[in-house]
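**Q** Chains as they are written, first to last, in the UniProt record's numbering: chain C, 1 to 371; chain B, 1 to 371.
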DNA sequence: GAGATCGCTGAATCCGCGA
DNA sequence: CTCGCGGATTCAGCGATCT
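1) Is the separation between the beta-carbon of residue 101 of chain C and that of residue 33 of chain C shorter than 7 Å?
2) What are the boundary residues of the alpha helix (DSSP H) that includes residue 261 of chain B?
3) Excluding sequence positions up to five away, which residues of its chain have a Cβ less than 8 Å from the Cβ of residue 356 of chain C?
4) Am I right that residue 231 of chain C and residue 201 of chain C are in contact with their C-beta atoms under 8 Å? What's the rounded C-beta distance?
5) Within this structure, are the beta carbons of residue 248 of chain C and residue 267 of chain C separated by less than 7 Å?
6) Please report the residue range of the beta strand (DSSP E) in which residue 95 of chain C lies.
7) Going along the stretch 128-146 of chain B in order, which residues come within less than 8 Å of chain C, judged by CB to CB distance?
8) For chain B, find out if any of its Cβ atoms is closer than 7 Å to the Cβ of residue 342 of chain C; answer yes or no.
9) Using DSSP with H/G/I as helix, E/B as strand and the rest coil, what is residue 336 of chain C?
10) Chain B partners of residue 121 of chain C, CB-CB under 7 Å?
11) Round the Cβ separation of residue 76 of chain B and residue 111 of chain B to the nearest angstrom and send it over; I've been treating them as touching at under 8 Å.
12) Of the residues that make up the stretch 62-85 of chain C, which ones have a beta carbon closer than 9 Å to any beta carbon in chain B?
13) Quick check on residue 159 of chain B: buried or exposed, where buried means 16 or more other Cβ atoms within 10 Å of its Cβ?
14) Please compile the residues from chain C whose C-beta is within a distance smaller than 9 Å of the C-beta of residue 113 of chain B.
15) Which chain C residues sit within Cβ distance under 8 Å of residue 297 of chain B?
16) Confirm, please, whether the CB-CB distance from residue 46 of chain C to residue 71 of chain C is below 7 Å.
17) In chain order, what residues of the same chain lie with their CB nearer than 7 Å to the CB of residue 369 of chain B, ignoring the 5 residues before and after it?
18) Under a three-way DSSP split, which group does residue 326 of chain B fall into?
19) Starting from the Cα of residue 281 of chain B, find the closest Cα among B:165, B:31, B:99 and give me that residue.
20) Where does residue 27 of chain C sit, in a helix, a strand or coil, going by DSSP?
21) If you scan the UniProt domain "RAMA" (268-370) of chain B from start to end, which runs of the alpha helix (DSSP H) of 4 or more residues do you find wholly inside it?
22) Residue 165 of chain B CB to nearest chain C CB: under 7 Å?
23) Is residue 95 of chain C closer than 7 Å to residue 19 of chain C when the C-beta atoms are compared?
24) Taking all protein chains shown into account, do 16 or more other C-beta atoms lie within 10 angstroms of the C-beta of residue 67 of chain C, making it buried, or fewer, making it exposed?
25) So what's residue 249 of chain B in DSSP terms, helix, strand or just coil?
26) Please classify residue 28 of chain B: is it buried, with 16 or more other beta-carbons within 10 angstroms of its beta-carbon, or exposed?
27) How far does the alpha helix (DSSP H) with residue 147 of chain B in it extend, from its first residue to its last?
28) I'd like to know if residue 279 of chain C contacts chain B, where contact means its C-beta is closer than 7 Å to some C-beta of that chain.
29) Whose Cβ in chain C lies nearer than 7 Å to the Cβ of residue 339 of chain B?
30) Beta strand (DSSP E) containing residue 180 of chain C: first to last residue?
31) Run the CB neighbour count on residue 412 of chain B, radius 10 Å, all protein chains shown included, and call it buried at 16 or more, exposed below.
32) Using a Cβ-Cβ distance under 7 Å, would residue 327 of chain C count as near chain B?
33) Going by beta carbon distance, what residues of the same chain come within less than 7 Å of residue 65 of chain C, once the five residues before and after it are set aside?
34) In chain B, which residues lie less than 8 Å from residue 159 of chain C when you measure between Cβ atoms?
35) Taking the beta strand (DSSP E) that residue 126 of chain C belongs to, which residues open and close that run?
36) Return no unless some Cβ of chain C is closer than 7 Å to the Cβ of residue 176 of chain B.
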């Protein structure tokens with residue numbers, strides 16, 4: 001049951017340093033921090049992958065796998081002991097209405113989930129990060145491992161955890177946010193590299209994932225702790241969304257990369273942050289408005305995200321494809337054979353040689369509406 | 001490690017009754033069946049946890065339900081004991097190369113997964129059943145719980161489990177099947193009803209889900225056991241796909257519904273049940289046979305796929321290139337500086353001005369072998 | 001310059017038979 | 001059991017290079 005925060009705890013909280021990266025073992029550092037001082041914990045612990053030999057792609061290139069010492073454990077027992085120790089230290093830090101997110105793959109997530117339940121946390125959802133561009137299964141021996149699992153849990157059964165229902169609904173184009181999130185891997189310019197061009201961290205998470213986590217379950221000003229800070233994705237998103245963060249990271253190399261990254265982040269305009277997380281949904285924009293305003297022309301062709309489909313815009317803001325017509329969502333869903341489809345992110349248009357999602361135009365409209 | 005099946009076990013297997021539904025507690029019934037007689041187990045155990053249903057200890061005594069918050073630990077313990085007991089009985093029944101699927105939600109799946117790992121099973125994939133039409137979260141306090149999780153595991157780490165890679169790939173429109181499957185809930189006419197119009201079983205699974213499970217991981221004629229048979233979805237799909245099934249169900253009402261359901265199922269035409277085979281399953285052809293049969297001549301020159309290398313054929317079916325000699329694979333790998341090389345697709349020969357892969361000739365030989 | 005092509009890469013428990 | 005070796009196996013996205 002949630003307890004009221006004592007005055008003493010409040011004083012200790014005031015002594016907390018925010019927006020810092022602590023060096024050292026996460027369990028020891030957490031034990032040194034004041035109890036009940038944290039609103040949200042995001043934890044991306046070692047997965048204990050247990051990889052054996054090397055793996056090559058069909059073109060004979062070698063897969064650069066995670067073989068770092070920090071991911072090696074002697075046994076499930078050893079991994080469980082580690083897991084339960086850091087989860088215990090973490091729970092002490094959470095405010096009574098605080099919550100935690102942990103992420104893992106099938107190698108470790110069942111042990112994480114059981115440890116959370118055994119440790120007194122109260123599970124709220126398991127969330128599937130559905131990767132739009134996973135690495136294939138090169139030997140054809142199993143299904144393509146195309147997702148990872150996040151577990152969202154409150155500190156206790158009765159906790160009044162934060163959930164920004166309307167913000168999630170708005171993010172999902174007006175319908176309730178589901179427990180499966182389709183988000184691409186962290187690649188391209190977002191992926192941090194060393195001076196020699198290697199990836200700075202083997203398992204850097206996409207900022208879009210953390211963005212959704214924080215928009216869902218924190219408020220501006222909340223304190224977010226990441227005990228496995230790595231190169232600081234949690235801190236970067238927290239700073240941008242005007243949350244405060246505390247990172248803990250053992251490896252000096254990762255901390256250095258994170259410090260540089262964070263220094264370059266500018267917080268989002270505070271009104272934009274407030275809008276995203278308020279109970280008010282973002283102003284709804286009909287697709288037809290884009291046509292009315294001439295941002296897209298009737299007769300123009302949109303292409304699907306994957307490039308496999310195309311459709312023509314009609315003057316009333318509906319689309320026509322081969323034998324299908326309807327809203328941007330309906331046509332996308334029909335062409336993909338999917339139950340639903342967010343047309344705003346599915347459909348793209350060409351502008352100056354680039355392929356741009358139509359959601360880009362919606363954001364433009366919304367910006368105008370706020371003035 | 002897989003053990004060889006003993007003669008005694010073989011005899012006992014012959015005594016197994018197929019396509020039957022056993023009445024009774026699944027642990028007791030499983031303990032009465034012969035060891036190493038089952039190819040695949042599909043299990044949809046109680047999701048339980050808050051002990052709304054009944055729970056049994058390994059000795060089958062009924063657990064006196066306690067649902068107070070303070071006793072949550074004891075409840076998890078009881079659920080774990082039950083889980084580990086039936087998983088142990090199930091593992092004994094599996095052939096050395098057998099496998100299991102279990103399904104659960106976030107309430108129980110973490111305990112299932114950990115119990116599988118602790119029990120010696122080897123996890124192959126966790127698979128997300130992504131519901132296209134989930135029930136909304138009416139109170140808006142959490143994310144819409146839009147998926148369930150299946151775990152696919154082999155009996156042991158070294159098992160040569162069945163995976164019909166090509167069939168899955170075909171089912172997914174020519175690209176590898178991923179670990180997330182979008183399938184609607186069981187509704188409409190597929191949903192079994194009682195005489196009074198109520199649903200016959202609270203958690204009836206869609207046949208499409210079982211269809212994919214069986215096409216992925218069984219062959220025609222395989223024996224599929226379902227220890228929580230319910231209204232017989234596993235049996236229905238097994239019968240239709242010409243697999244054999246064994247069901248175990250405690251509740252007489254469910255068994256009655258399942259019996260009627262199964263009686264109406266007609267097996268699919270046996271040719272339609274055959275799945276796409278992979279190249280691995282095709283008869284092996286030595287390269288030398290092509291020379292023996294005069295499809296290629298000793299002394300003839302082969303060129304590499306990329307045109308950068310050439311090699312001469314010797315009478316014994318080996319190749320010679322500059323300073324390299326050996327099999328078609330070895331020479332290809334050496335010339336490319338690659339760890340391995342599939343000589344069948346790497347090497348090409350000239351015929352009527354065209355460049356043809358030598359694999360074309362292997363296919364000719366294989367076609368002759370089938371006659 | 002625009003479009004096509006090529007190369008690279010991502011948390012991976014990734015082969016199987018015969019000697 | 002190990003060892004040797006034949007030979008089967010990849011999707012999406014980004015960025016650089018080529019036409």
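For every residue, glycine included, the Cβ atom is placed at its ideal position computed from N, Cα and C.
**A** Taking the structure as given:
1) Within the first chain, the letter at position 101 stands for residue 101 of chain C. Within the first chain, the letter at position 33 stands for residue 33 of chain C. Note that the C-beta distance between residue 101 of chain C and residue 33 of chain C is not below 7 Å.
2) Residue numbering aside, residue 261 of chain B sits at position 261 when the second chain is read from its first letter. Unbroken alpha helix (DSSP H) run through residue 261 of chain B: 252-263.
3) Within the first chain, the letter at position 356 stands for residue 356 of chain C. If we look at residue 356 of chain C and ignore the five residues flanking it on each side, its Cβ neighbours are 348, 349, 350.
4) As a working mapping, residue 231 of chain C is identified with position 231 in the first chain. As a working mapping, residue 201 of chain C is identified with position 201 in the first chain. The Cβ separation is near 5 Å, so the contact holds.
5) Here the question's residue 248 of chain C lines up with position 248 in the first chain. Here the question's residue 267 of chain C lines up with position 267 in the first chain. Cβ distance not < 7 Å, so residue 248 of chain C and residue 267 of chain C don't count as in contact.
6) Numbered from its first residue, the first chain carries residue 95 of chain C at position 95. Element bounds for residue 95 of chain C: 94-104.
7) Cβ contacts with chain C come from 128, 130, 132, 133, 134, 136, 137, 140, 141, 142, 143, 144, 145, 146.
8) By one-based count along the first chain, residue 342 of chain C stands at place 342. No, because no Cβ of chain B sits closer than 7 Å to the Cβ of residue 342 of chain C.
9) Indexing the first chain from 1 puts residue 336 of chain C at position 336. Correct three-state label for residue 336 of chain C: helix.
10) In the first chain, counting from the first residue as 1, residue 121 of chain C sits at position 121. Near residue 121 of chain C there are no residues of chain B at all, since even the closest Cβ is about 11 Å away, more than 7 Å.
11) If you number the second chain from 1, residue 76 of chain B lands on position 76. If you number the second chain from 1, residue 111 of chain B lands on position 111. Their Cβ separation, rounded to whole angstroms, is 7 Å, which keeps residue 76 of chain B and residue 111 of chain B in contact under 8 Å.
12) From the stretch 62-85 of chain C, only 62, 76, 80 have a Cβ closer than 9 Å to chain B.
13) In the second chain, counting from the first residue as 1, residue 159 of chain B sits at position 159. Residue environment for residue 159 of chain B: buried (at least 16 other C-beta atoms within 10 angstroms of its C-beta).
14) Numbered from 1 along the second chain, position 113 holds the residue referred to as residue 113 of chain B. Neighbours of residue 113 of chain B across chain C, judged by C-beta separation under 9 Å: 106, 109, 110, 111, 113, 114.
15) Within the second chain, the letter at position 297 stands for residue 297 of chain B. One finds nothing in chain C with a Cβ atom closer than 8 Å to the Cβ of residue 297 of chain B; even the nearest lies about 30 Å away.
16) Here residue 71 of chain C corresponds to residue number 71 of the first chain, with the count starting at 1. Here residue 46 of chain C corresponds to residue number 46 of the first chain, with the count starting at 1. Yes, they are a contact pair.
17) Counted from its first residue, the second chain places residue 369 of chain B at position 369. Around residue 369 of chain B, the same chain offers 283 as residues with beta carbons nearer than 7 Å, after the five sequence neighbours per side are excluded.
18) Residue numbering aside, residue 326 of chain B sits at position 326 when the second chain is read from its first letter. DSSP places residue 326 of chain B in strand when its eight states are reduced to three.
19) The residue given as residue 281 of chain B occupies position 281 in the second chain. Answer by Cα proximity: B:165.
20) Position 27 of the first chain, counting from 1, holds the residue named residue 27 of chain C. Helix, per DSSP.
21) The UniProt domain "RAMA" (268-370) of chain B contains these whole alpha helix (DSSP H) runs: 270-273, 287-292, 328-336, 343-346, 359-370.
22) Within the second chain, residue 165 of chain B is the residue found at index 165, counting from 1. At least one chain C Cβ lies under 7 Å of residue 165 of chain B.
23) Along the first chain, one-based indexing puts residue 19 of chain C at 19. Along the first chain, one-based indexing puts residue 95 of chain C at 95. Going by C-beta atoms, residue 19 of chain C is not nearer than 7 Å to residue 95 of chain C.
24) Translated into the one-based positions of the first chain, residue 67 of chain C becomes position 67. Classification of residue 67 of chain C: exposed, given that the 10 Å Cβ count is below 16.
25) Locating residue 249 of chain B in the second chain gives position 249, where the first residue counts as 1. DSSP places residue 249 of chain B in strand when its eight states are reduced to three.
26) By one-based count along the second chain, residue 28 of chain B stands at place 28. Burial state of residue 28 of chain B is exposed, judged by a 10 Å Cβ sphere holding fewer than 16 other Cβ atoms.
27) In the second chain, counting from the first residue as 1, residue 147 of chain B sits at position 147. Counting along the chain, no alpha helix (DSSP H) covers residue 147 of chain B; the unbroken beta strand (DSSP E) around it starts and ends at 147-154.
28) Within the first chain, numbered from 1, the residue matching residue 279 of chain C stands at position 279. In this prediction, residue 279 of chain C has a pLDDT of 38, which is less than 50 and means its spatial position is unreliable; what the coordinates show is noted afterwards. By this cut-off, residue 279 of chain C is not an interface position.
29) Taking the first residue of the second chain as 1, we reach residue 339 of chain B at position 339. Ordered by position in chain C, the residues that pass the 7 Å Cβ test against residue 339 of chain B are 56, 60.
30) On the first chain, residue 180 of chain C is found 180 positions in, with the first residue counted as 1. First-last of the beta strand (DSSP E) with residue 180 of chain C: 180-183.
31) No statement about residue 412 of chain B is possible, as the shown extent of chain B runs from 1 to 371 and does not include it.
32) Here residue 327 of chain C corresponds to residue number 327 of the first chain, with the count starting at 1. No, no contact with chain B.
33) Your numbering for residue 65 of chain C matches position 65 in the first chain. The answer, listed in chain order, is 51, 55.
34) The sequence position of residue 159 of chain C within the first chain is 159, counting from 1. Ordered by position in chain B, no residue passes the 8 Å Cβ test against residue 159 of chain C, which lies about 12 Å from the chain.
35) The residue you call residue 126 of chain C lines up with position 126 of the first chain. Residue range 122-131 is occupied by the beta strand (DSSP E) that includes residue 126 of chain C.
36) Here residue 176 of chain B refers to the residue found at position 176 of the second chain. Yes, contact with chain C.
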